[in-house]
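Participant: Numbering (our numbering), first residue to last: 547 to 701. C-beta: ideal position from N, C-alpha, C; glycine also. Can you keep this structure in mind? I'll have questions shortly.
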């Protein structure tokens, strides 16, 4: 008797798999409750997912995600924006809203900020609009194959 073939995400790079994992985890926190802790983790993870998606597009565009030759350190989100917009000519019209999210992430990470449910909703809404577009247009993937449909239907 033949075994059913298990669907794998082998076609995805490790960067992309990680991006979708942390995005799913961030959305899990966002939809689980509106506590300060869940709002913090949702924003931290969604921002991290965006950074990984940007780096994946840099990599897919034939550019290194590492700083200099033989460096173990990777580019920042700002480095990814620079390479994408200047070298690869990728338009990111959502960047002003993504910058606000990254600033909120920095406030959480470095200044112990406590985002409100309203602020989290603003950031998640704008982040997901970007992610849906970017994954489809720039990475040529169907987001519904990688993110829980339960989450996508609530957005």
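Per DSSP, what kind of secondary structure is residue 581 in: helix, strand or coil?
Facilitator: Counting from one through the chain shown, the residue named residue 581 turns up at place 35. Of the three classes helix, strand and coil, the one that applies to residue 581 here is coil, per DSSP.
Participant: When you compare the CB positions of residue 623 and residue 597, do they come within less than 9 Å of one another, or not?
Facilitator: Numbered from 1 along the chain shown, position 77 holds the residue referred to as residue 623. Numbered from 1 along the chain shown, position 51 holds the residue referred to as residue 597. Yes; because the gap between Cβ atoms is below 9 Å, this pair is in contact.
Participant: Here's the rule I'm using: 16 or more other beta-carbon atoms within 10 Å means buried, otherwise exposed. How should residue 569 be labelled?
Facilitator: Position 23 of the chain shown holds residue 569. That one is buried.
Participant: Identify whether residue 648 lies in helix, strand or coil by the three-state DSSP scheme.
Facilitator: What you label residue 648 is simply residue 102 of the chain shown in a count that begins at 1. Helix.
Participant: CB-CB under 7 Å to residue 580, same chain, minus the five flanking residues each way: which ones, in chain order?
Facilitator: Position 34 of the chain shown holds residue 580. Annotation for residue 580: 663 place their beta carbon closer than 7 Å to its own, counting only its chain and skipping 5 residues before and after.
Participant: Would a C-beta distance cut-off of 9 Å place residue 651 and residue 584 closer than the cut-off?
Facilitator: Here residue 651 is taken as the residue at index 105 of the chain shown, counted from 1. Here residue 584 is taken as the residue at index 38 of the chain shown, counted from 1. Using a Cβ distance threshold of 9 Å, residue 651 and residue 584 do not count as a contacting pair.
Participant: Count the other C-beta atoms from every protein chain shown that fall within 10 angstroms of the C-beta of residue 604, then say buried if there are 16 or more, exposed otherwise.
Facilitator: Here residue 604 corresponds to residue number 58 of the chain shown, with the count starting at 1. Here residue 604 is buried, its C-beta having at least 16 other C-beta atoms within 10 Å.
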